[in-house]
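**Student:** For the sequence shown, the residue numbers in the working numbering are 163 to 508. Every residue gets a Cβ at the ideal spot worked out from N, C-alpha and C, and that includes glycine.
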Amino acid sequence: MLDFNANVLLIYTGGTIGMIEDPDSGILKPFDFNHLKAYVPELSRLKFNIDSIAFEHPVDSSDIGPDDWKKLVQIIEEHYEKYDGFVILHGTDTMSYSASVLSFMLENLTKPVILTGSQLPIGKMRTDGRENLITALEIAVDKDSDGNAIVPEVCIFFQNLLMRGNRTTKVNADNFSAFNSFNYPILAEAGTHIKYEHYLIHRPIKNAVPQFHYDLDPNVTILKIFPGISDNCIKAIFTNPHLKGVIVETFGAGNSPAHPSFLSVIEEAIKKGIVIVNVTQCASGAVEQGRYQGGKALKNIGVLSGYDITTEAAVTKLMFLFGHGFTPEKVKEQMQLSIAGEMTKS
Ligand code: ASP
Numbered sequence: 163m164l165d166f167n168a169n170v171l172l173i174y175t176g177g178t179i180g181m182i183e184d185p186d187s188g189i190l191k192p193f194d195f196n197h198l199k200a201y202v203p204e205l206s207r208l209k210f211n212i213d214s215i216a217f218e219h220p221v222d223s224s225d226i227g228p229d230d231w232k233k234l235v236q237i238i239e240e241h242y243e244k245y246d247g248f249v250i251l252h253g254t255d256t257m258s259y260s261a262s263v264l265s266f267m268l269e270n271l272t273k274p275v276i277l278t279g280s281q282l283p284i285g286k287m288r289t290d291g292r293e294n295l296i297t298a299l300e301i302a303v304d305k306d307s308d309g310n311a312i313v314p315e316v317c318i319f320f321q322n323l324l325m326r327g328n329r330t331t332k333v334n335a336d337n338f339s340a341f342n343s344f345n346y347p348i349l350a351e352a353g354t355h356i357k358y359e360h361y362l363i364h365r366p367i368k369n370a371v372p373q374f375h376y377d378l379d380p381n382v383t384i385l386k387i388f389p390g391i392s393d394n395c396i397k398a399i400f401t402n403p404h405l406k407g408v409i410v411e412t413f414g415a416g417n418s419p420a421h422p423s424f425l426s427v428i429e430e431a432i433k434k435g436i437v438i439v440n441v442t443q444c445a446s447g448a449v450e451q452g453r454y455q456g457g458k459a460l461k462n463i464g465v466l467s468g469y470d471i472t473t474e475a476a477v478t479k480l481m482f483l484f485g486h487g488f489t490p491e492k493v494k495e496q497m498q499l500s501i502a503g504e505m506t507k508s
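Below is the structure:
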């Protein structure tokens, strides 16, 4: 049900969607966001109010990071009461990381926060941005018959699909259908109507007040293993004295080389208090550390299973948990729980 008195706040961070092509050089550069309506005249026909805020210096999403995430949380907190929902325009390259971390930083959301973007700039004839933007705005203000937001969580809307943000991965650099949510079903599909799968959508805890978190600790990293990876390369990562957590991207159901020199580096790191989480390199499916020898060996030395979490959600969750100043033990405990619907424990 569309609420015609609704207010939505559109936040522009950067990315292709807000670019125009320089006629001389052909290079994409950000356009003046105040002129958005000139490129998307349909916006004036939407029957609810849209206000917008643009980052002072819009960024290609390859440059996005903790400071920008904090800025987004701050904008949302400052405007939370006034708006029914929020749409964030963001570059696609790292949108899944931003959606994941925001799902942790915005606790007990009662309003939608929808990230979208496009593969072609909004000024281009065949742009996918117009459709993505208009439907994202509609989702941000959609209410049920009791007047509650239909999707009170952080999502990505892209090419007709609404996905839980912390379950997404960018899967295609060219196609309009750039994102997938392999381990959690689609929350809604936009066709002639927007068809919501209500039972899959996260509901806020009754009477819980939204909490806005700002602290992130970037002293975490990702180690993607491959056949033939040398012990020296692995050791080099663990020489960083500030390192607190590592996502190890393993093969299949969570398997790694089982030879002692590899395992001893990992074991030593765990003994030093570094939290190590096992996430599969496969797009879909889950880690099951007991299934094969390689995975079992990791479990035995204290590596945690990431179950079916994405790398994007796992690494930002570590930043979030260490940002709270939690001890490694507390971080380990929280990494084994789903705190924002980011994983399914088998
Ligand atoms: N490089 C761009 C970005 O992520 C790509 C895009 O927006 O799709 O900011």
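1. Exposed or buried, which one is I367 when buried takes at least 16 other CB atoms within 10 Å?
2. Just to check my reading of the structure: Q498 and L460 have Cβ atoms closer than 8 Å, yes? What is that Cβ distance to the nearest angstrom?
3. Using 8 Å as the limit for Cβ to Cβ distance, is F413 near chain D?
4. Pairing CB atoms from the region 170-183 with CB atoms from the region 201-214, are three or more of them under 8 Å?
5. Out of T473, L264, K434 and E293, point me to the one whose CA is closest to P372's CA.
6. For T383, name the three-state secondary structure that DSSP assigns.
7. Give me the Cα-Cα distance between H197 and V441, rounded to the nearest whole angstrom.
8. Would the beta-carbon of Q321 be found less than 7 Å away from any heavy atom of ligand 1?
9. Identify every run of the alpha helix (DSSP H) within the region 228-252, keeping only runs that are complete inside it and at least 4 residues long; order them along the chain.
10. May I ask you to check if the CB of T442 is nearer than 7 Å to at least one heavy atom of ligand 1?
11. May I ask you to check if the CB of D255 is nearer than 7 Å to at least one heavy atom of ligand 1?
12. Could you pull the start and end residues of the alpha helix (DSSP H) that V303 belongs to?
13. Taking the beta strand (DSSP E) that I276 belongs to, which residues open and close that run?
14. Fully enclosed by the region 359-433, which alpha helix (DSSP H) runs are 4 residues long or longer?
15. Verify whether the separation of the beta carbon atoms of M257 and F482 is less than 8 Å.
16. Among N345, Y259, P220 and F319, whose alpha-carbon lies nearest the alpha-carbon of T278?
17. Report yes or no: do three or more beta-carbon pairs, one from the region 306-316 and one from the region 396-415, lie closer than 8 Å?
18. Who are the near neighbours of K199 in its chain, counting only those whose CB is closer than 7 Å to its CB and skipping five residues on each side?
19. In whole angstroms, give me the CA-to-CA distance for L362 and N345.
20. Evaluate contact between the region 499-508 and the region 324-336, counting only Cβ atoms and requiring at least three cross-stretch pairs below 8 Å.
21. Name the DSSP bridge partner or partners of V170?
22. Within the continuous alpha helix (DSSP H) that includes V477, where are the two ends?
23. Grab the span of the alpha helix (DSSP H) containing P192 for me, first residue to last.
24. Report yes if the CB atom of P314 is closer than 8 Å to the CB atom of H364, and no otherwise.
25. So, helix, strand or coil for I179, using DSSP?
26. Leaving out the 5 sequence neighbours to the left and right, which residues in its chain are closer than 6 Å to E269 when beta-carbon positions are compared?
27. For a test of your reading of the model: does the CB of G176 fall under 7 Å from any non-hydrogen atom of ligand 1? Yes or no.
28. Answer yes or no: do D222 and G188 have a C-beta to C-beta separation smaller than 8 Å?
**Tutor:** Well, looking at it:
1. Under this definition I367 is an exposed residue.
2. Not confirmed; about 15 Å, so no contact.
3. Going by chain labels, chain D is absent from the structure shown, which holds only one protein chain.
4. Taking 8 Å as the limit for Cβ pairs, the verdict is that the region 201-214 does touch the region 170-183.
5. Of T473, L264, K434 and E293, the residue nearest in Cα terms is L264.
6. If DSSP states are grouped into helix, strand and coil, T383 belongs with the strands.
7. A straight-line Cα-Cα distance of about 43 Å links H197 and V441.
8. No - ligand 1 has no heavy atom lying nearer than 7 Å to the Cβ of Q321.
9. Counting only runs of 4 or more, we get 228-241.
10. Flag unset: Cβ of T442 not near ligand 1.
11. Because some heavy atom of ligand 1 lies under 7 Å away, the Cβ of D255 counts as near it: yes.
12. Where V303 is concerned, the enclosing alpha helix (DSSP H) stretches over G291 to V303.
13. Residues V275 to T278.
14. Runs found: 393-400 and 422-433.
15. It is not a contact, given that the beta carbons lie outside the stated cut-off.
16. Restricting attention to N345, Y259, P220 and F319, the CA atom closest to the CA of T278 is found in F319.
17. Taking a contact to require three or more Cβ pairs closer than 8 Å, the region 306-316 and the region 396-415 do not qualify as touching.
18. Only L205 and S206 meet the Cβ criterion.
19. Each residue's Cα considered, the two are about 13 Å apart.
20. Taking one beta carbon from each stretch, the region 499-508 and the region 324-336 have 3 or more pairs nearer than 8 Å; the two touch.
21. Note: V170 sits in a beta bridge opposite I212 and G247.
22. T473 to G485 is the extent of the alpha helix (DSSP H) around V477.
23. First-last for P192: L190 to P192, but that is the beta strand (DSSP E), not the alpha helix (DSSP H).
24. Here P314 is near H364, since their CB atoms are less than 8 Å apart.
25. If DSSP states are grouped into helix, strand and coil, I179 belongs with the helices.
26. Excluding the 5 residues flanking it on each side, E269 has same chain C-beta neighbours closer than 6 Å at Q373, in chain order.
27. Flag set: Cβ of G176 near ligand 1.
28. In this structure, G188 does not lie closer than 8 Å to D222 by Cβ.
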